[in-house]
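The block underneath contains the structure these notes are about, expressed in structure tokens.
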Amino acid sequence: MHVLKTMLRQPSALFGLIIVTVVVLMALGAPWIAPYSPDNQMFDGLSIEGAPLPPSTRFLLGTDTLGRDLFSRLLFGARTSLVIGLVANGIAVAIGLLVGVLSGYLRGAVGGLLMRFTDLMMAFPALLLAIVLAALLHPSLWIVAMVIALVNWVQVARIVYTETRGLVERDFILAERSLGAGHLRILFVHILPHLMPTAIVWGTLGIATTVLLEATLSFLGIGVQPPQPSWGNIIFESQSYFQAAPWLVFFPGAIILLTALSFNLVGDALRDILDPTQRGRG
Amino acid sequence: MTMSAPTPILTVRNLCVDARTPEGRQRVLHDVSFDLISGETLCIAGESGSGKSVTSLSIMGLLPKASLQVASGTIRLGEKDLVALSNRAMRSVRGGDIAMVFQEPMTSLNPVMSIGAQLTEAIREHQGPEGGAAETIARQMLDAVHITEPVRRLTQYPHELSGGMRQRVMIAMALSCRPKVLIADEPTTALDVTVQAQILKLMRELKQEFGASIILITHDMGVVAQMADRVAVMQNGRIIEQGDALSIFENPKQPYTQELLAAVPRLGAHAGNDAPPRVSAITAPSVSVSPAPILQVRNLDVTYGSPVRRLFRGMLPAAAVSEVSFELRPGETLGLVGESGSGKSTTGKAVLGLIPFTGHVVIDGQNIAGLSARQMRPVRRSAQMIFQDPYASLDPRMAVGAAIAEPLVIHGLGDRSERDDRVAELLRHVGLQPDAATRYPHEFSGGQRQRICIARALALQPKLIVADESVAALDVSVRARVLDLMLELQETMGLAYLFISHDMAVVERMSHNVAVMRGGRIVEMGTRRAVFENPQDDYTKALMAAVPIPDPRARHIA
Amino acid sequence: MLLLVLRRLLQTALILLGVAAITFLLLYALPADPARMIAGRSATAQTVANIRRELGLDQPFPVQFWTYLHGILQGNLGRSYAQKTDVGALIMARLPATLILMAAGIFVEVVLGLILGIIAALRRGGPVDRVVMMASFVGVSAPQFVVALLLLYVFAVTLGWFPMSGFGSAAHVVLPAATLGILGAGWYARMVRSAMIDVLNQDYVRTARAKGLSSARIVLRHALPNALLPIIAMIGIDIGQFMGGVVVVEAVYGWPGIGQLAWQAIQQVDIPIIMGVTLVSALAIVLGNLLADIIAPLIDPRIRAR
Amino acid sequence: QETPKQGGDVLITYKDDIATLDPAVGYDWVNWSMIKSLYSRLMDYTPGTPDLIPSLAETFDVSADGLTYTFKLRKGVKFTNGREVIASDVKYSIERAVNPKTQGPGAGFFGSIKGYEDVSGGRSTTLEGIETPDDATVIFHLSRPDATFLHVLAINFASVVPHEAVEAAGGDFGKKPVGSGTFILKEWTIGQRLVFERNPDYFVKEMPHIDKFTVEVGQEPLVALLRLQKGEVDIAGDGIPPAKFLEIKNSPDGAKMIVDGEQLHTGYVTLNTRIKPFDNVKVRQAVNMAVNKERITRILNGRATAANQPLPPAMPGYDKSFTGYVYDVAKAKALLAEAGFPDGFQTVLYSTNTDPQPRIAQAIQQDLAAIGVKAEVRALAQSNVIAAGGTEGEAPMIWSGGMAWIADFPDPSNFYGPILGCAGAVSGGWNWSWYCNADLDRRAVAADSMSDPAKTIDRAAAWGKIFTDIMADAPWIPVINERRVVAKAARMGGSDKIYVDPTRVINYDAIFVKQ
Ligand SMILES: Nc1ncnc2c1ncn2[C@@H]1O[C@H](COP(=O)(O)OP(=O)(O)OP(=O)(O)O)[C@@H](O)[C@H]1O
Ligand SMILES: Nc1ncnc2c1ncn2[C@@H]1O[C@H](COP(=O)(O)OP(=O)(O)OP(=O)(O)O)[C@@H](O)[C@H]1O
Ligand SMILES: [Mg+2]
Ligand SMILES: [Mg+2]
Ligand code: NI
């Protein structure tokens, strides 16, 4: 409660919270808000020559290259993209934190082995894995989320590993050991909180990149399949139209940006509130 | 108010500093005013947390912007008002006109820069000598602060130095540019008395040679007596009394000042006793039987650096500790004294299995060599450590209350409310308000942090405590309280202390037995009485002689 | 140190072996059939069978993998199915371009990221910080293709400052590297910013200020090295990303890097090329990480004792 | 029509790298026309037309039973390594194309030559059906009449190569080609560019017209277009991407840039006759009626026309009067109900994943939804779609876009065997409808035996009937005939037909620079 109140006092955090709320409401309320079905390819949604239509009163944000209402697609796309951006990315960051912190903390064979495993995973062509999975499984939103988590955790682990190596050498860790703290306690109570800034950077910037990564996977055939909209595939489908129909890139791009940014504002505020060394700042 | 006529070089007037806390602004300095006359040494004494460090940081313009802010007042250095000075102009003042030695040496040195780089940098910045000259000066400065092997030290990193050595590096750094004003915040707190004497001498020389003025912040009335031309006593963010040294020592007006002077331990005060003074009413159960030792150390050796690295670097650093053997029985205190870098902290860490060692260490009947963290767990319950550098040994992201409760949580003692009660009790024991529990380490003064560490170590009611300079940063009144607390615990619970300190008077007061270390070895060990009243080793004798006497008339450092 | 490097090189070999095995297995599991991709629409079933046999695709997995490994041990990456030529030569022909782009791209993003991150950290909470943060998000959420084309449109087509496409001169590198830099700098800026904020609150920075050092020196010499650890790790990661992941930028600027080769090979199920590129980029990633692990203790001496 | 001028350098761009220039191996639409120009073959086509002409052969003669072909070689034709082309080179080249060791995709085209089975089965390396009595004569003995044989001798796989150069290249012939065509490969910087220079000794005077053409690879089509508009590039080989088409078309000099040519292409949806409910002909007919092809051509900005039969309009045998299944939702629904699916059914529609294919698949998906058929679109990489199509019982519907490329040669038979005949309805085949009609197969063989040139018209008619009859069973939904759009600089001359040549893509031999 205290956290929330402190947050509401900061204008940027408030802004972030509002946008996050709006986006979530958009996703939940899509069927009621959307003026059209997101899949409806309207014959008059294209010009006579077959070009998508710019924003107008009829199509608020214009139409796409199949004559579908962009606004409606963005609303429904929020559902997919939030799952990808929050769940998939969240899992990736969580796994990355865990593996990174363990391999940076544990000395000797186990830590080394863990890190080499991460190195192996990192060296491994993730896209190939995605392609094979696409060919072997029936792509669904959750499989996509899983693949993304599988692909992304490695990088987080790498960074966290390096940071942990630095942290472990700090004196207060020695002090904790002298108190008899077990490895788990040192890891979770004393090291993890120091990794919060990194986690927040990845957790929030990662939203944007995973949403786009989902589109790449769509392209490889493992993403959500057409006509189900996602912010990423809306951009990808029409990115070459950025001159002919800029709205097709601009609006989804802006909403991805805004969402990631808002989560970041909230995350930053949260970090500052939780980080005592930053206390007292405005 | 002083009535001295000579021109002051630094004038502080009505300085008020506010702290921003979640509960709103709180004033930590109230109308502090004083002058520093050119060529004099002003000692600021006062209880821990009274605002000494904040005052000095304000002068340097180095208050942490996030939490502390000058609310009003002026600080004049010659023509310049430092409070209003631009950042740029302030830069040339810092380091050049005014230099400062900070209280916590570990965190005040950059961990990723070599000692040499940190030293020469300051020299180059303000004196701009060419190439190698700065290095020469740096080496000379290390020599001046009596660091052994100065050439090698220049290439070392802060974590490779002992606490005292770091402090000396800090001093060398501050002195290297021959500042007009030197602010030294507890500069000798972590130093053994011989080095302390040398440093103090150095500061005097500097003062004489360059007409520099010194603000010396210290809790050690012995040092005050040896150094001060004038003294300011602080309490609760105010200067409650200031005047020239003689009048303060001989004619203290404020009750606090009187109390402060009364509490000063004097070397030899306990001569003739075998054991520390009794502080509790309990009648002695201790001497009756001589129980098995709680700590047995035989042939302890510690060498830093990984074997692989040593192999490839080709140079084997000398062992930090070698062939150390001693025993410690319940209810006993072994005082460990010795020069800085002699391996005291290393010994302390090794006997608790915190760094790799070879040899034999038995705690409470359990040989700890090669035990896993899990196997060590029960041992840790009975053996605790208070680290030399309190700031570095506290998790900066953990509230102080949680930090103190940490050992209770780790060992699964008590429920939440019980723990809270215990934390409050411990805080009170070490002279802090229970409401400190919700604050974070960086919001405390150096002495306050040290008390927090003590509270943490006491939380488990261990049988053995390794106390590494654990009262060094405390002002005498608080120190006396804490020492009494430690003695009381010893008496009631049969606690054993491995008491590492440079302060001979404190060691004398606390110990049953004393060991003197030098160069990683124990050069002399015996009962307190034997060592203090009849020292054999030359080094021990030198130590005794160097202890500052808290009487300005009896200055022996010159 | 030497021993450590040797040990890590051995581990590298093992990692590469692991990567090779997994990749090979995955490709084997892939239902797509390279022989049919080569044969095309009009080939008879017998032609397809012949091609399969000639490529050894009719062999069981262990035999195929062993044959492949055997080749690798002799320094032979095999022959491309579709291009009927030595894979090693194909990769070598494109490796310089990839390395140049990688180096230039990392240089731009690191420099940009450091500058922005430091400025943001110093101006924390102020308008400059907000703008930098916003910009870093724009960089991160912008689709590569669009950014690449926009830059190309503005600086090559409209202003004519740089060539539109190709490889060879320094001018050619500018736009692709700038694109990668813009896209990646956001990450660095954010990492640097949060690490710097942490470091700038440390006591030793206060000491440095007490010495009267210039802000530039304080930031660059005292704060930055302490904040650099995660950045080094990021660079290690980026080496991996760039080896395989800059297909789009390479395509837009006609840059003859390995990404394009890999992309086409994937489309054609040209297994020897996929394997070759995978191994080369795996090697780059492992070496990048190794480098990061070696540099980390150089920056932070506390880690060295380990 | 202006007369071609000699000389000039031309710059052409492609997105994909050139895989190989080995004529026995190369089989994609980009290297197809380059190989055509690097080598010569016994037969060739008049540029811009599907009309066969002798090329390396000076004259030829077909026996009455259609089983023996005798060619007289042109005198004095030289490989670019300086050696004269002789009859044994022709024999060697075709044997090489058939030999399994070459791993060539085109072996099957030579299936009618006597002894083919022995060579392709690895039992022999020489084709007994090719005889070279002297250096200037090549005689082919066929095991069955083959009306397409002259076309076969005109496809790339029949290109004549010098054996010594092949051997010298040691397996890398595809990168070091030597032929006797209009151009010589001068430089190949992998991943960047190929430089072709005219062959000064080419045996046809004033052929080719340009001195040199450079192919830059790895060029994104959108960027290639920008470069073309700036005058850096002469031909954007990949054509105009959909995103740019309207802009260019409506621009002032759009008309000069766009080459819009008819190609031998049909885009279709296969209906897998072995998967329920498409095993029911009524269902197949119903979905045929459900697809609104006009809307799809609009999505493609009018760059295609609606199709109603497998053959494209430019192919001999195309039946202009055939109307196929007209778009009629009501009728489709009725038929579906009749087939026992009044509420429709669920199915899967595969498609490749490059624009505009997924869009077309989605358009079809929406049309099917209108009659209650819920198709899940799976947009996958081409190789995965091909794999799914060739696996029995896997893919109910596949949109062919992006894969059904142009014909190998302009003959209707090329549209039947692999993609609609029984031979293709095998595991790994390209008959993704898994449609096998023995009767039609018989008629196809019969039509292909009509090798007498006099019967060309009849043969075409026979083939035409086969394709319209197939539509009664409706194994496909023929959707569109896509036109090929190439962008070229204004200075490039030559009719549109040589930029969208029915037998090549760009006819490098015939293009020229105007000034
Ligand atoms: N982490 C380390 N790596 C290398 N050498 C070290 C390390 N820590 C301490 N040393 C060295 O070991 C020796 C003993 O150090 P130690 O900290 O035990 O001294 P000390 O007696 O506690 O001194 P002080 O009173 O100044 O704290 C010193 O020479 C020091 O330089
Ligand atoms: N960053 C901060 N935020 C809030 N309060 C602070 C901060 N730093 C110091 N204080 C408070 O200001 C008061 C004065 O602290 P200061 O550090 O000046 O004490 P000191 O006299 O130097 O004590 P010591 O001898 O223990 O070092 C203390 O009560 C301390 O808790
Ligand atoms: Mg202090
Ligand atoms: Mg010590
Ligand atoms: Ni002291």
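The listed protein sequences derive, respectively, from chains A, B, C and D. Anchor point for the first sequence: position 232 equals 232 in this note's numbering, and the numbering is continuous, going up by one each time. If you want this note's numbering, it's the 1-based position in the second sequence plus 1000. If you want this note's numbering, it's the 1-based position in the third sequence plus 2000. If you want this note's numbering, it's the 1-based position in the fourth sequence plus 3000. Just so you know, even glycine gets a beta-carbon here, dropped at the ideal spot from N, CA and C. Given the structure is predicted, the values throughout are model-derived calculations rather than measurements.
Residue-chain proximity (residue 188 of chain A, chain B), Cβ-Cβ < 8 Å: no
Span separating the alpha-carbon of residue 3006 of chain D from that of residue 47 of chain A: 44 Å
Nearest-angstrom Cβ-Cβ length linking residue 1362 of chain B and residue 1296 of chain B, presumed shorter than 8 Å: 4 Å
Residues surrounding ligand 4 [beta-carbon distance to nearest heavy atom under 5 Å]: B:1162, B:1163, B:1345, B:1388
Contact set between the region 1100-1115 of chain B and chain A, restricted to residues whose Cβ is under 8 Å from the partner: 1106
CA-to-CA distance, residue 1163 of chain B to residue 1388 of chain B, given in whole angstroms: 7 Å
Distance, residue 1254 of chain B Cα to residue 1260 of chain B Cα: 10 Å
Residue-chain proximity (residue 1141 of chain B, chain C), Cβ-Cβ < 8 Å: no
Segment contact, 8 Å Cβ cut-off, at least three pairs: the region 109-128 of chain A with the region 58-69 of chain A: no
Cβ-heavy atom distance, residue 229 of chain A to ligand 2, below 7 Å: no
Reference residue 3352 of chain D, options D:3439, D:3377, D:3479, D:3059, closest by Cα: D:3377
Contact the region 1095-1111 of chain B vs the region 2200-2210 of chain C: 3+ CB pairs below 8 Å: yes
Test item: CB-CB of residue 2148 of chain C and residue 2063 of chain C under 8 Å: no
Member of D:3088, D:3083, D:3054 whose CA lies at the smallest distance from the CA of residue 3074 of chain D: D:3054
Cβ-based contacts, 7 Å cut-off: residues of the region 178-208 of chain A near chain B: 178, 179, 180, 181, 182, 183, 185, 190, 193, 194
Between the CA atoms of residue 1264 of chain B and residue 2112 of chain C - distance to the nearest angstrom: 58 Å
Meets three-Cβ-pair contact criterion under 8 Å: the region 1086-1095 of chain B and the region 1043-1056 of chain B: no
Under the three-state DSSP convention, the category residue 3068 of chain D falls into: strand
Check: residue 1340 of chain B C-beta below 7 Å from any heavy atom of ligand 1: yes
Lining residues of ligand 3 - beta-carbon closer than 7 Å to any non-hydrogen atom, in sequence order: B:1052, B:1053, B:1103, B:1185, B:1186, B:1217, B:1445, B:1446, B:1447
Contacting residues, own chain, Cβ-Cβ under 8 Å from residue 1327 of chain B (five flanking each side not counted): 1293, 1295, 1296, 1297
At least 3 beta-carbon pairs within less than 8 Å: the region 3429-3442 of chain D vs the region 3288-3297 of chain D: no
Nearest-angstrom Cα separation, counted from residue 1386 of chain B out to residue 2289 of chain C: 38 Å
Any non-hydrogen atom of ligand 1 closer than 7 Å to residue 1320 of chain B Cβ: yes
Complete runs of the alpha helix (DSSP H) confined to the region 1364-1389 of chain B [at least 4 residues]: 1373-1382
Residue 3365 of chain D - partner residues in DSSP beta bridges: According to DSSP, which records beta bridges pairwise, residue 3365 of chain D is partnered with nothing at all.
Residue 1048 of chain B Cβ short of 7 Å to ligand 2 heavy atom set: yes
Closer than 7 Å: residue 1160 of chain B CB and nearest ligand 1 heavy atom: yes
Paired residues, beta bridge with residue 1016 of chain B - DSSP: B:1072
Contact with chain C by residue 2949 of chain D, beta-carbon distance below 8 Å: Residue 2949 of chain D lies beyond the range of chain D shown here (3001 to 3515); nothing can be said about it.
Partners in chain C for residue 1062 of chain B, counting only beta-carbon separations shorter than 7 Å: 2206, 2209, 2210
Environment of residue 263 of chain A [buried if 16+ CB atoms lie within 10 Å]: buried
Where residue 3184 of chain D falls: helix, strand or coil (DSSP): strand
Distance cut-off 7 Å: residue 1432 of chain B Cβ against heavy atoms of ligand 2: no
Reduced DSSP category for residue 1295 of chain B - H, G, I as helix; E, B as strand; rest coil: strand
With 16 other Cβ atoms within 10 Å as the buried cut-off, status of residue 2134 of chain C: exposed
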